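Undergrad: Protein chains in written order, with the working numbering: chain E, 87 to 529; chain G, 87 to 529.
Glycine included, each C-beta is placed from N, C-alpha and C at the ideal position.
As the structure is a prediction and not an experimental result, all values here were calculated from the model.
Below, the structure written as structure tokens:
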């Protein structure tokens with residue numbers, strides 16, 4: 087089966103009218119969420135250090151660094167905007183595979199839009215196709231995906247290459263080459279969790295996919311069957327894959343429609359526990375000192391991915407169920423401010439973390455949790471969350487997404503600009519020049 | 087065991103006098119060979135297309151594109167010089183692992199030397215350390231290294247990061263971060279063979295390692311145990327590894343001394359067959375039309391890596407035992423000119439390829455071959471090559487390396503400059519500014 091070729095042909099042949107309205111709608115929600123995360127993360131140390139290091143090697147000031155005043159060449163802009171959009175671990179999730187769909191695709195596309203202008207509707211069309219490509223490839227490989235890799239690092243490069251390749255108007259062969267050049271850079275080790283390098287992996291997926299499409303457009307040759315070849319991508323990163331998933335009902339079922347957004351600024355598998363803790367906190371809120379113990383019952387994957395008991399700093403605390411539960415009880419919210427070094431070392435939070443126990447329960451779904459809280463005096467409260475807020479069965483509303491956006495950009499953009507940028511995302515399909523989005527994201 | 091930390095400490099603590107003379111000698115031979123390949127490959131389509139594509143995004147003209155007049159920022163220069171140094175498949179080989187040691191290390195170091203000058207002896211010291219790091223990591227993983235990866239793509243990034251990190255004076259923690267940032271970009275799929283993307287993988291190893299060390303120097307954090315962590319590098323790319331190999335006799339046994347160079351411009355496992363064919367060709371040379379059949383008996387790996395019977399073009403022909411044998415009989419040499427599209431479609435070569443059979447023989451070593459040639463009239467000649475020229479047991483002499491260099495740069499550099507550049511490589515230890523090497527490599 088010519089998986090790579092078929093997928094390339096699908097992207098090349100796609101016309102805007104082929105995409106259903108629901109997919110376009112979810113694409114706009116994704117852009118709102120991605121843009122908020124990028125501006126919210128724009129002053130994180132990971133972004134500032136990357137910028138300071140790379141600026142001396144940047145080409146002309148072609149593209150915006152979202153949420154900042156610096157400008158970079160488009161390759162560096164894709165990298166840095168990818169870092170900022172992911173560094174808070176607050177971006178979107180394709181729940182089946184845990185791919186973060188928007189970072190590679192939107193970060194690469196918007197950088198290109200400032201250099202080689204195209205319309206908002208072309209942006210949305212290419213965005214949907216990019217997300218489709220990366221999520222379908224992820225669907226095919228995730229079951230046996232080597233646990234050492236970040237799947238957005240491995241599958242994400244294809245999404246960026248597809249989206250950029252679409253806008254560049256690549257033909258089928260060049261699109262297949264773009265996939266090859268992208269796929270040979272599939273990378274990103276899970277051991278980077280809790281360090282700046284995790285967001286770097288995600289930013290690189292954007293930059294590498296963008297570069298792949300640009301090279302292919304100029305005739306840089308590559309394998310034309312990178313996905314399925316015996317020594318190709320799928321065999322390299324996955325011990326068990328079903329490549330049929332890449333093409334099954336292609337153009338009929340849209341992965342774009344399955345995208346989800348995080349109400350809380352941490353690993354998505356923590357979210358049902360946070361929802362439970364926020365309910366258990368009650369009103370007026372319980373005094374954390376009165377909480378003598380908590381038991382978190384979660385799907386085994388939650389413990390595997392976020393089982394860090396005593397995080398060493400802000401970035402690592404996003405991968406701690408214990409920290410997430412503790413801050414939810416102490417602060418009544420699990421936003422970006424709850425995952426800082428300061429909060430990790432807050433004595434109330436640290437003490438409560440120590441009194442929390444987590445248990446894997448194979449009976450639970452990934453978006454489900456049962457939390458029991460014991461208070462001084464022996465009172466026991468419990469809460470069951472069947473589907474976390476932000477999961478497919480309980481999605482964030484457009485209003486929730488706007489609130490999240492406003493909260494994320496509050497320190498960076500003035501209010502009128504914030505409103506204009508949100509409106510611009512929602513009306514992206516009518517925007518003559520998609521690059522306008524980037525220009526509105528400058529403080 | 088703290089493999090990553092120990093290795094970082096070794097690089098950080100190393101002093102120039104710790105390196106034995108034999109390692110320095112081999113380092114200079116490696117630089118001669120690498121530089122010749124880079125200049126010889128500088129006008130290959132892969133290089134020209136990459137340059138044309140990436141120039142609009144390049145930063146300031148900080149570094150030389152070897153063998154050409156263009157200048158790029160150091161990150162792009164490391165990439166492009168890495169592409170040109172590998173594109174002819176003529177660069178060096180660490181035979182145990184099939185790593186190509188110089189491309190990542192020399193391409194990154196020399197780019198940096200033009201931006202942040204350092205001496206030739208610092209270059210050699212850092213070069214030896216970089217080669218040591220990448221080859222030791224390769225030693226540890228190659229036995230179970232996923233056959234889908236290029237090992238220079240996976241292990242090479244560490245070599246570049248180590249060498250650049252040494253010159254930048256990183257401390258132990260930052261060196262460990264540099265390894266982390268490099269290791270999370272370990273990549274490169276074997277399915278790229280025969281396309282421009284193969285050399286791209288090798289150039290990226292140089293660029294990514296350089297960038298990793300620059301980022302770490304500014305405090306960009308990463309895992310500090312990327313090599314050995316459960317979700318780290320070794321487990322990601324290898325199913326069977328012995329991480330003890332990274333540290334065994336570190337500082338006592340030098341992998342640098344085991345480097346080898348190719349007399350022929352193709353996959354190293356073809357070389358014993360070529361040596362045999364060159365002998366069988368005889369003097370005066372046999373008429374290829376009189377050769378009715380040939381049987382190549384080789385180590386199984388040779389057939390696995392270079393078993394392409396009918397190559398589709400020049401780059402792919404470097405991975406064809408059959409083509410290599412045919413051109414050796416027809417032209418009496420297997421240099422760069424024998425692996426072009428033109429030669430692939432030469433009717434005499436194509437016809438002879440069809441009359442050649444190759445057989446795997448487990449009794450043979452990787453650098454050994456037995457070739458039988460049958461002539462019209464029934465005469466049968468055979469030749470046994472116990473160790474190919476260029477193998478560890480039959481190394482190319484300094485004079486051989488110079489001849490190879492001169493042949494590679496003949497179309498690009500004038501003769502006096504060629505002589506000066508060769509002399510400069512041999513006297514690198516006395517050069518006050520290593521960047522001088524790059525400046526001499528401009529036509």
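Name the chain G residues that come within less than 8 Å of residue 304 (chain E), Cβ to Cβ?
TA: Position 218 of the first chain, counting from 1, holds the residue named residue 304 (chain E). Chain G residues near residue 304 (chain E): 135, 138 and 139.
Undergrad: Cβ closer than 8 Å: which chain G residues qualify as neighbours of residue 290 (chain E)?
TA: As a first step, residue 290 (chain E) must be located in the first chain, where it is residue number 204. Going along chain G in sequence order, the residues near residue 290 (chain E) (Cβ under 8 Å) are 271.
Undergrad: Using 8 Å as the limit for Cβ to Cβ distance, is residue 349 (chain E) near chain G?
TA: Sequence index remark: in the first chain, residue 349 (chain E) carries index 263 (1-based). So, not an interface residue.
Undergrad: Output needed in chain order: residues of the segment 152-164 of chain E with a Cβ under 9 Å from some Cβ in chain G.
TA: Hits within the stretch, in order: 159, 160, 161 and 162.
Undergrad: At a Cβ threshold of 8 Å, is residue 309 (chain G) touching chain E?
TA: Within the second chain, the letter at position 223 stands for residue 309 (chain G). Output row for residue 309 (chain G): interface = yes.
Undergrad: If contact means a Cβ-Cβ distance below 7 Å, which residues of the segment 385-410 of chain E contact chain G?
TA: Cβ contacts with chain G: none found.
Undergrad: Sort G:229, G:191 and G:275 by Cα distance to residue 253 (chain G) and report the nearest one.
TA: Along the second chain, read from residue 1 onward, the residue named residue 253 (chain G) stands at position 167. Selected option, being the one with the closest Cα: G:191.
Undergrad: By the three-class DSSP mapping on this structure, what secondary structure does residue 221 (chain G) have?
TA: The residue you call residue 221 (chain G) lines up with position 135 of the second chain. Three-state result, residue 221 (chain G): helix.
Undergrad: Tell me which residue opens and which closes the beta strand (DSSP E) that residue 470 (chain G) is part of.
TA: As a first step, residue 470 (chain G) must be located in the second chain, where it is residue number 384. It spans 466-471 - the beta strand (DSSP E) in which residue 470 (chain G) sits, taken as one unbroken run.
Undergrad: Would you list the residues sitting across from residue 480 (chain E) in a DSSP beta bridge?
TA: For the purposes of this step, residue 480 (chain E) is identified with residue 394 of the first chain, where counting begins at 1. E:477, per the DSSP bridge assignment.
Undergrad: Check for me: the alpha helix (DSSP H) holding residue 415 (chain G) runs from which residue to which?
TA: In the second chain, residue 415 (chain G) corresponds to position 329, counting from 1. Taken as a continuous stretch (DSSP letters only), the alpha helix (DSSP H) holding residue 415 (chain G) covers 407-417.
Undergrad: Can you tell me the Cβ-Cβ gap for residue 245 (chain E) and residue 514 (chain E), rounded? I've got them flagged as a contact below 8 Å.
TA: The count along the first chain starts at 1 and reaches residue 245 (chain E) at position 159. The count along the first chain starts at 1 and reaches residue 514 (chain E) at position 428. The Cβ separation is near 18 Å, so there is no contact.
Undergrad: Taking Cβ to Cβ, would you say residue 181 (chain E) is nearer than 8 Å to residue 382 (chain E)?
TA: Walking along the first chain from the start, residue 181 (chain E) turns up at place 95. Walking along the first chain from the start, residue 382 (chain E) turns up at place 296. No, the pair does not count as a contact, with Cβ atoms beyond the cut-off.
Undergrad: My parser needs the beta strand (DSSP E) runs of 3 or more residues fully inside the segment 341-424 of chain E; what are they?
TA: Complete beta strand (DSSP E) runs here, min 3: 377-384.
Undergrad: When the distance is taken between beta carbons, is residue 109 (chain E) closer than 8 Å to residue 482 (chain E)?
TA: Looking up residue 482 (chain E) in the first chain gives position 396. Looking up residue 109 (chain E) in the first chain gives position 23. Not closer than 8 Å, so no.
Undergrad: In angstroms with no decimal places, state the Cα-to-Cα distance between residue 91 (chain E) and residue 265 (chain E).
TA: Here residue 91 (chain E) refers to the residue found at position 5 of the first chain. Here residue 265 (chain E) refers to the residue found at position 179 of the first chain. Taking the straight line from one Cα to the other gives about 10 Å.
Undergrad: With 8 Å as the threshold, decide whether the Cβ of residue 82 (chain G) is near any Cβ in chain E.
TA: Coverage of chain G is limited to positions 87 through 529, which leaves residue 82 (chain G) absent and any answer about it impossible.
Undergrad: Counting along the chain, where does the beta strand (DSSP E) carrying residue 457 (chain E) start and finish?
TA: Mapped onto the first chain, residue 457 (chain E) falls at position 371. Here the beta strand (DSSP E) through residue 457 (chain E) covers 455-461.
Undergrad: What do you get for residue 373 (chain G), buried or exposed, if any count of 16 or more other CB atoms within 10 angstroms of its CB means buried?
TA: Here residue 373 (chain G) refers to the residue found at position 287 of the second chain. With fewer than 16 other Cβ atoms within 10 Å, it is exposed.
Undergrad: In this structure, does DSSP put residue 149 (chain G) in helix, strand or coil?
TA: Your numbering for residue 149 (chain G) matches position 63 in the second chain. It is a strand residue.
Undergrad: Mind checking the segment 116-133 of chain E against chain G and listing, in chain order, the residues whose C-beta falls within less than 9 Å of any C-beta there?
TA: Within the segment 116-133 of chain E, the qualifying residues are 131 and 132.
Undergrad: Which residues in chain G sit within 9 Å of residue 521 (chain E), going by Cβ to Cβ distance?
TA: Counted from its first residue, the first chain places residue 521 (chain E) at position 435. Those within 9 Å of residue 521 (chain E) in chain G number zero; the least Cβ separation is about 16 Å.
Undergrad: Find out if the Cβ-Cβ distance for the pair residue 312 (chain E), residue 277 (chain G) is shorter than 8 Å.
TA: Along the first chain, one-based indexing puts residue 312 (chain E) at 226. Along the second chain, one-based indexing puts residue 277 (chain G) at 191. Closer than 8 Å, so yes.
Undergrad: With respect to the beta strand (DSSP E) encompassing residue 443 (chain G), which residues constitute its N-terminal and C-terminal limits?
TA: Numbered from 1 along the second chain, position 357 holds the residue referred to as residue 443 (chain G). From DSSP, the beta strand (DSSP E) with residue 443 (chain G) extends over 442-446.
Undergrad: Just to confirm my understanding: we take residue 377 (chain G), look at its own chain, exclude 5 residues before and 5 after, and list those with CB closer than 7 Å. What are they?
TA: As a working mapping, residue 377 (chain G) is identified with position 291 in the second chain. Answer for residue 377 (chain G): 415, 438, 441, 459 and 461, listed in chain order.
Undergrad: Suppose contacts are defined by Cβ-Cβ distances below 8 Å. Is residue 119 (chain E) in contact with residue 159 (chain E) by that definition?
TA: On the first chain, residue 119 (chain E) is found 33 positions in, with the first residue counted as 1. On the first chain, residue 159 (chain E) is found 73 positions in, with the first residue counted as 1. No; because the gap between Cβ atoms is not below 8 Å, this pair is not in contact.
Undergrad: Grab the span of the alpha helix (DSSP H) containing residue 452 (chain G) for me, first residue to last.
TA: Within the second chain, numbered from 1, the residue matching residue 452 (chain G) stands at position 366. No alpha helix (DSSP H) contains residue 452 (chain G), which DSSP labels as neither H nor E.
Undergrad: Alpha carbon to alpha carbon, what distance is there between residue 500 (chain G) and residue 250 (chain E)?
TA: As a working note, residue 250 (chain E) is residue 164 in the first chain. As a working note, residue 500 (chain G) is residue 414 in the second chain. Looking at the two C-alpha atoms, the distance is approximately 42 Å.
Undergrad: Could you pull the start and end residues of the alpha helix (DSSP H) that residue 121 (chain E) belongs to?
TA: The sequence position of residue 121 (chain E) within the first chain is 35, counting from 1. Run containing residue 121 (chain E): 107-126, per the alpha helix (DSSP H) assignment.
Undergrad: In chain G, which residues lie with their C-beta within 7 Å of the C-beta of residue 143 (chain E)?
TA: One-based indexing of the first chain puts residue 143 (chain E) at position 57. Under the 7 Å cutoff, chain G gives 145, 159, 160 and 161.
Undergrad: Given a cut-off of 8 Å on the beta-carbon distance, is the pair residue 340 (chain G) and residue 218 (chain G) in contact?
TA: Position 254 of the second chain holds residue 340 (chain G). Position 132 of the second chain holds residue 218 (chain G). Yes, they are a contact pair.
Undergrad: CB residue 508 (chain E) to CB residue 362 (chain E), shorter than 8 Å?
TA: As a working note, residue 508 (chain E) is residue 422 in the first chain. As a working note, residue 362 (chain E) is residue 276 in the first chain. No; because the gap between Cβ atoms is not below 8 Å, this pair is not in contact.
Undergrad: Under a three-way DSSP split, which group does residue 287 (chain E) fall into?
TA: Position 201 of the first chain, counted from the start, is the residue given in the question as residue 287 (chain E). It is helical.
Undergrad: Using C-beta distances below 8 Å, list every residue in its chain close to residue 287 (chain E), excluding the 5 sequence neighbours before and after it, in chain order.
TA: Taking the first chain and counting its residues from 1, one reaches residue 287 (chain E) at position 201. Closer than 8 Å at the Cβ level, and outside the excluded window around residue 287 (chain E), lie 236, 238, 239, 273, 274, 275 and 278.
Undergrad: Got a sec, what are the start and stop residues for the alpha helix (DSSP H) residue 512 (chain E) sits in?
TA: Taking the first residue of the first chain as position 1, residue 512 (chain E) is located at position 426. 501-512 is the extent of the alpha helix (DSSP H) around residue 512 (chain E).
Undergrad: Please state the DSSP three-state secondary structure of residue 309 (chain G).
TA: Looking up residue 309 (chain G) in the second chain gives position 223. Correct three-state label for residue 309 (chain G): coil.
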